[in-house]
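Novice:
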Amino acid sequence: MTNLLTYLQEKRDRSRGTEDLLVIRNLTKIYKRADGGEFLALEDINLTIKENEFVAVIGHSGCGKSTLLKIVAGLEKATYGSVQLQGHEIRKPGADRMMVFQHYSLLPWLTVRQNIRLAVDEVLDYLTPTEKRLIVDEHLAMVNLTAAADKYPDEISGGMKQRVGIARAIAIRPVMLLMDEPFGALDALTRGKLQRQVLDIWDAQQQSVMMITHDVDEALYMADRIVLMTNGPAARIGEILEVPFPRKRNLQELRNTREYYELRNHALNFLDHHFNQED
Ligand code: ADP
Ligand code: MG
């Protein structure tokens, strides 16, 4: 086990750097509608995400955020353009990209532990049962779910379910964590705690993260860069904001700085502007 953890650690250390991890070029997505018509969801998206970078994508409902994430996940196909991870074209889902959905997507007939174990069994199938159990236990502890390990999804709160989803995704050490409004269904208090927890895990594991959100404060607190999308149809990337705040960030302190206030207003004005165009 020690050898395995050392191996995984070394693998991560070797991969640390400023290399481009995900490269999206001239991505356009046209959906076929049920009536035979076509719907241009995304138009000419260009975006590069570096190793260990945390990128938030923000935009109004319906602008194509989930579509973009699903294409990166390999669950949808681009109509035009190319999406490459570590130099390889993404054509289907893979264990190198794990997804955390807004609505928990746990298997209700499996316990918390079994839900995580299932993913470990599928992806890390070369490990011994003992090694697998240690990885599951380690990730249960990471999201503070050890005490709830043998409960079923309908016996735990929304926040806990979302922690299971996160533990399940990170247990198999993907090179990219894809999260679609992961905190959107949670109350404010739970959301704050889980945001902190995800940042701590990200800090320890240094994965690249692409997180969809519609919350400017969440994006400013968590991300290295914020991708601002224009409204659909034919949504594009309007602007990309660098978030200059050093880590570890303290939200209360940040909120009192002028820089935070200005960036927040800039993002909100962008979103307002693109919202009103549609009215
Ligand atoms: P967001 O996540 O930003 O709210 P989505 O990516 O879910 O937006 O959807 C973007 C647009 O594409 C919406 O107008 C939506 O109705 C449309 N859309 C999404 N999925 C499909 C689909 N499978 N077929 C047709 N249209 C779709
Ligand atoms: Mg969505």
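In this note's numbering, the protein residues as written are -16 to 262.
We treat Cβ as the ideally placed atom computed from N, Cα and C, and that holds for glycine.
Rounded to whole angstroms, what is the Cα-Cα separation between aspartate 198 and leucine 10?
Specialist: The residue given as residue 198 occupies position 215 in the sequence shown. The residue given as residue 10 occupies position 27 in the sequence shown. Going from the Cα of aspartate 198 to the Cα of leucine 10 covers about 24 Å.
Novice: Can you give me the Cβ contacts of proline 216 inside the same chain, cut-off strictly under 7 Å, excluding the 5 residues immediately before and after it?
Specialist: The sequence position of residue 216 within the sequence shown is 233, counting from 1. Contacts found: Phe22, Leu23, Ala24.
Novice: Determine the burial state of tryptophan 185: buried for a count of at least 16 other Cβ atoms within 10 Å of its Cβ, exposed for fewer.
Specialist: As a position in the sequence shown, residue 185 is number 202, starting the count at 1. Classification of tryptophan 185: buried, given that the 10 Å Cβ count is 16 or more.
Novice: Express the C-alpha separation of isoleucine 155 and valine 106 in angstroms, rounding to a whole number.
Specialist: Along the sequence shown, one-based indexing puts residue 106 at 123. Along the sequence shown, one-based indexing puts residue 155 at 172. Looking at the two C-alpha atoms, the distance is approximately 7 Å.
Novice: Roughly how many angstroms lie between the CA atoms of valine 38 and phenylalanine 228, to the nearest whole one?
Specialist: Along the sequence shown, read from residue 1 onward, the residue named residue 38 stands at position 55. Along the sequence shown, read from residue 1 onward, the residue named residue 228 stands at position 245. So the alpha carbons of these two residues sit roughly 14 Å apart.
Novice: Is it the case that the CB of serine 88 approaches a heavy atom of ligand 2 more closely than 6 Å?
Specialist: Within the sequence shown, numbered from 1, the residue matching residue 88 stands at position 105. No, the beta carbon of serine 88 sits no closer than 6 Å to any heavy atom of ligand 2.
Novice: Verify whether the separation of the beta carbon atoms of leucine 211 and phenylalanine 166 is less than 7 Å.
Specialist: Taking the first residue of the sequence shown as 1, we reach residue 211 at position 228. Taking the first residue of the sequence shown as 1, we reach residue 166 at position 183. No, they are not a contact pair.
Novice: Using only the alpha-carbon positions, how far apart do histidine 249 and asparagine 29 sit?
Specialist: On the sequence shown, residue 249 is found 266 positions in, with the first residue counted as 1. On the sequence shown, residue 29 is found 46 positions in, with the first residue counted as 1. Distance between the alpha carbons of histidine 249 and asparagine 29: 21 Å.
Novice: CA-CA distance, arginine 219 and leucine 58?
Specialist: Residue numbering aside, residue 219 sits at position 236 when the sequence shown is read from its first letter. Residue numbering aside, residue 58 sits at position 75 when the sequence shown is read from its first letter. So the two alpha carbons sit approximately 20 Å from each other.
Novice: Secondary structure at aspartate 255, three-state DSSP: helix, strand or coil?
Specialist: As a first step, residue 255 must be located in the sequence shown, where it is residue number 272. DSSP places aspartate 255 in helix when its eight states are reduced to three.
Novice: Would you report the Cα separation of methionine 143 and leucine 128, rounded to the nearest angstrom?
Specialist: In the sequence shown, the residue the question calls residue 143 occupies position 160. In the sequence shown, the residue the question calls residue 128 occupies position 145. Roughly 8 Å between the two C-alpha positions.
Novice: Along the chain, where does the alpha helix (DSSP H) that runs through serine 49 open and close?
Specialist: Here the question's residue 49 lines up with position 66 in the sequence shown. Its alpha helix (DSSP H) spans residues 48 to 56.
Novice: Would you mind giving the Cβ-Cβ distance between serine 191 and glutamate 36, rounded to the nearest angstrom? I have them listed as a contact below 8 Å.
Specialist: By one-based count along the sequence shown, residue 191 stands at place 208. By one-based count along the sequence shown, residue 36 stands at place 53. So it is a contact: roughly 5 Å between Cβ atoms.
Novice: Whole-angstrom Cβ separation of leucine 4 and valine 158, contact assumed at under 8 Å?
Specialist: Numbered from 1 along the sequence shown, position 21 holds the residue referred to as residue 4. Numbered from 1 along the sequence shown, position 175 holds the residue referred to as residue 158. That belief holds up - the Cβ atoms of leucine 4 and valine 158 are roughly 7 Å apart, short of 8 Å.
Novice: CB-CB under 8 Å to aspartate 263, same chain, minus the five flanking residues each way: which ones, in chain order?
Specialist: For residue 263 there is no data in the structure shown, the boundaries of the chain being -16 and 262.
Novice: Could you pull out every residue in the same chain whose Cβ sits closer than 8 Å to the Cβ of aspartate 133, ignoring the five residues on either side in sequence?
Specialist: Against the sequence shown, residue 133 aligns to sequence position 150. Closer than 8 Å at the Cβ level, and outside the excluded window around aspartate 133, lie Thr94, Val95, Arg96.
Novice: Give the single residue among Glu34, Ile13, Met193, Arg247 whose Cα lies nearest to the Cα of aspartate 27.
Specialist: Your numbering for residue 27 matches position 44 in the sequence shown. Here the closest residue by C-alpha is Ile13.
Novice: Under three-state DSSP, which class holds leucine 68?
Specialist: For the purposes of this step, residue 68 is taken as residue 85 along the sequence shown, with counting starting at 1. Three-state result, leucine 68: strand.
Novice: By a C-beta neighbour count over all protein chains shown, 10 Å radius and 16 as the cutoff for buried, is glycine 20 buried or exposed?
Specialist: The sequence position of residue 20 within the sequence shown is 37, counting from 1. By the 10 Å Cβ count, glycine 20 comes out exposed.
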